[in-house]
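This report refers to the structure that appears directly beneath it.
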Amino acid sequence: MDSQAPWDHLIRVQCPICLDYFKLPTKAEDDFVTFPCRHGICKKCLAESHKNTQRRNRPACFVCRQPYRQEEAHHLYLTIEDAKIVSINTTVEKMSEMGAESKLISVKTAGDRIRRASETLSCHEDTAKDLLRAVDEFRERIIPVFGKVGAQANEILRLKEDLQKANQENAQFKRLAASSQAKDQKLAELHAELEGTRTISNQALEHAERASNEIQQLRAQSDRYGQKVKEQEHEITRLKGLLEQHNKQASYAGRAQKSKIKGLKDELARLKQSEQEQESLSLHDEKFQGQLRTPSPSSPSPLNSPSHSPSSHTTIHHDKENTHIRPRLDYEGMPAPGFSSDWSMGNTGPNPRTLKRKLSSTKPSSLPIPLDRKGQPTVAVRLGPKRSRRAP
Numbered sequence: 000m001d002s003q004a005p006w007d008h009l010i011r012v013q014c015p016i017c018l019d020y021f022k023l024p025t026k027a028e029d030d031f032v033t034f035p036c037r038h039g040i041c042k043k044c045l046a047e048s049h050k051n052t053q054r055r056n057r058p059a060c061f062v063c064r065q066p067y068r069q070e071e072a073h074h075l076y077l078t079i080e081d082a083k084i085v086s087i088n089t090t091v092e093k094m095s096e097m098g099a100e101s102k103l104i105s106v107k108t109a110g111d112r113i114r115r116a117s118e119t120l121s122c123h124e125d126t127a128k129d130l131l132r133a134v135d136e137f138r139e140r141i142i143p144v145f146g147k148v149g150a151q152a153n154e155i156l157r158l159k160e161d162l163q164k165a166n167q168e169n170a171q172f173k174r175l176a177a178s179s180q181a182k183d184q185k186l187a188e189l190h191a192e193l194e195g196t197r198t199i200s201n202q203a204l205e206h207a208e209r210a211s212n213e214i215q216q217l218r219a220q221s222d223r224y225g226q227k228v229k230e231q232e233h234e235i236t237r238l239k240g241l242l243e244q245h246n247k248q249a250s251y252a253g254r255a256q257k258s259k260i261k262g263l264k265d266e267l268a269r270l271k272q273s274e275q276e277q278e279s280l281s282l283h284d285e286k287f288q289g290q291l292r293t294p295s296p297s298s299p300s301p302l303n304s305p306s307h308s309p310s311s312h313t314t315i316h317h318d319k320e321n322t323h324i325r326p327r328l329d330y331e332g333m334p335a336p337g338f339s340s341d342w343s344m345g346n347t348g349p350n351p352r353t354l355k356r357k358l359s360s361t362k363p364s365s366l367p368i369p370l371d372r373k374g375q376p377t378v379a380v381r382l383g384p385k386r387s388r389r390a391p
C-alpha cells in the first residue's frame, strides 16, 4: 500500500472504500485485487466485507453490486508504457510512410511533434540529441523538398485546371463549329423554302385575283337574284292578299250557302210535316167514309142514315183536270195518331164476352233514330253533311 499522491510517471490505482493508492502493475504480495466486473478493492476492505457478509449470500461488488465468488478475485497485471515514447514511435512510423504524395503540412506537423517529444525526454540524453539532430536535418533537407514538391503540385494543379479549361473551350469551339455548319445547312434549307414560299405566294395572289373577279361576278349575280327574290316576294305578298280576299269571299259564300241550305232544310221539314198531316187526314177521311158506306146492322148510327144534304156527295169528278175532290163535311177531322191501335170491338153476338187488350209485340216507332228507355240513341248517329266541302 502506498499513500503518497500520484505525481511521478508511474500509474497508481485507488481503492473505492479506503481511498488508498496502489502501484501498477500489482504483485502477488500487494493488497489490491479486481473482480470479473473490472472493479477492484484492497484486500483489507475485501476481508472486512467478507466478515460482514452472511454465509448464505454471495458477496457483491461495492461499485456495481454484481455478485462474485471469493476465488474470482485476482491481481491486475498491466504493462504500462510512457505516453511520450508511444507518441514518438507513432510519429516515426507515420514519417516512414511518407512519400512523394504526402502533403507539406503533414511533414511539418510530424517534425514539430518529434521536436516537442525530444525536448521533454529526461532520459537518454544522447538519444535525444541524436533525435534533435535528425529533426534539424529533416527540416533542412526534407521539408524544402516537400515544399518544392508542394509548389510543383500546386503548379501542376493549376496547369491541369488551365488544360481542363482549354479542353472545355476547345470542345465548346467544336460544338460552335458543328452548330455553325448545321445553321448554314438550315439557312440554305430556309432559303430554298423561301423561294418555294415566294412561288406559292405568287400563285396564291393569282388565285386571289381570279377569286376576287369571280366574287365580283357572283355579287352582281347575287344582286340580280336578290332583285328577283324581292319581286317574287312582292308577287307572293300580292297573291297572299288575293288568296286571303278569296278565302274571305269563299267564307262569306259558304256561310250564305249554309244559311240557305239550313233554310231549305227547314222548309223541307215543314213540307214533310205538312205532307204527313195531309196523309193522316186523308187516311182518317177514308176510314170515316168507309164507315159511312158500310153501316153495322146491330148498332145503327145516325151517321149512317141517308142524308139529302149537299154534303152527302162523296166525290166529284172533273173531266178537264181528272182530279178527285173530297166533299166538305160538317165536322173537322182530327190528325191520325202516331201509333197503330191493337184494340178490337170484340164479339158482337148474342153472348158477348169481355176481352182484354192485347199489346202488340212490336211497336212501330215514328222516329228515324232508335232510342232506349232513357231516350238515348242505341246506334251510331252521323251528324252534319255526308261530304265536307272546302273553300276554293
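Under numbering that gives the first Met the number 0, read the sequence shown as residues 0 to 391, first letter to last.
We put the beta carbon where it would ideally sit given N, CA and C, even for glycine.
For clarity, every value in this text was computed on a predicted model and none was experimentally measured.
Legend entry - Backbone CA spacing between Gln180 and Arg218 [nearest angstrom]: Computed Cα separation, rounded: 54 angstroms.
Inset, instruction - Compute the distance between the beta-carbons of Asp30 and Lys22, then report whether it is under 8 angstroms. - result: Using a Cβ distance threshold of 8 angstroms, Asp30 and Lys22 do not count as a contacting pair.
Inset, instruction - Would you list the residues sitting across from Arg11 in a DSSP beta bridge? - result: In the DSSP output, where bridge partners are listed per residue, Arg11 has Lys22.
Inset, instruction - Return helix, strand or coil for Leu75, following the three-state DSSP convention. - result: If DSSP states are grouped into helix, strand and coil, Leu75 belongs with coil.
Inset, instruction - Could you check what DSSP says for Pro66 in three-state terms: helix, strand or coil? - result: In this structure, DSSP gives Pro66 an extended state, which the three-state scheme calls strand.
Legend entry - Three-way DSSP call (helix, strand, coil) for Gly39 in this model: Note: Gly39 maps to strand in three-state DSSP.
Inset, instruction - Out of Glu213, His38, Leu75 and His74, point me to the one whose CA is closest to Pro66's CA. - result: Checking every option, the nearest Cα to that of Pro66 belongs to His38.
Inset, instruction - May I ask you to report which of helix, strand or coil DSSP gives Pro376? - result: Strand, per DSSP.
Legend entry - Beta carbon of Thr377 nearer than 8 angstroms to that of Pro369: Yes, the pair counts as a contact, with Cβ atoms nearer than the cut-off.
Legend entry - Beta-carbon spacing of Leu45, Val32 below 8 angstroms: In contact: Leu45 and Val32 (Cβ atoms closer than 8 angstroms).
Inset, instruction - With a 10 Å radius around its C-beta and 16 neighbouring C-beta atoms as the bar for buried, classify Phe145 as buried or exposed. - result: It is buried - the Cβ of Phe145 has at least 16 other Cβ atoms within 10 Å.
Inset, instruction - Classify Leu217 as helix, strand or coil using the three-state DSSP reduction. - result: Of the three classes helix, strand and coil, the one that applies to Leu217 here is helix, per DSSP.
Legend entry - For Asp222 and Thr196, the rounded distance between their alpha carbons: Distance between the alpha carbons of Thr196 and Asp222 is about 37 angstroms.
Inset, instruction - Could you give the DSSP three-state label for Leu370: helix, strand or coil? - result: Here Leu370 sits in strand by DSSP.
Inset, instruction - Would you list the residues sitting across from Thr33 in a DSSP beta bridge? - result: For Thr33, the beta-bridge partners assigned by DSSP are Gly39 and His73.
Inset, instruction - Look up Ala59 in the DSSP assignment and give the residues it is bridged to. - result: Ala59 is bridged by DSSP to Pro66.
Legend entry - Arg381, DSSP secondary structure in three states: The three-state reading of DSSP puts Arg381 in coil, since its state is none of H, G, I, E or B.
Inset, instruction - Determine, using beta carbons only, whether Cys36 and Cys14 come nearer to each other than 8 angstroms. - result: Cβ atoms of Cys36 and Cys14: not closer than 8 angstroms.
Legend entry - Cα-Cα separation between Lys257 and Gln231, rounded to whole angstroms: Straight-line Cα distance between these residues: approximately 37 angstroms.
Inset, instruction - Pick helix, strand or coil for Cys17, following the three-state DSSP scheme. - result: Three-state result, Cys17: coil.
Inset, instruction - Can you have a look at Ile199 and say buried or exposed, based on whether 16 or more other CB atoms are within 10 angstroms of its CB? - result: In this structure Ile199 is exposed. Its beta-carbon is surrounded by fewer than 16 other beta-carbon atoms within 10 angstroms.
Inset, instruction - Alpha carbon to alpha carbon, how far is Asn201 from Asp183? Give it in angstroms, no decimals. - result: Answer to the nearest angstrom: the Cα atoms are 27 angstroms apart.
Legend entry - Spatial distance of Gly253 from Ile260 (CA atoms): Rounded to the nearest angstrom, the gap between the Cα atoms of Gly253 and Ile260 is 10 angstroms.
Inset, instruction - State buried or exposed for His8, treating a residue as buried only when at least 16 other CB atoms are found within 10 Å of its CB. - result: Note that His8 scores 46 on pLDDT, short of 50, meaning its location in the model is unreliable; the coordinates nonetheless yield the value given after this. When all chains shown are included, His8 counts as exposed.
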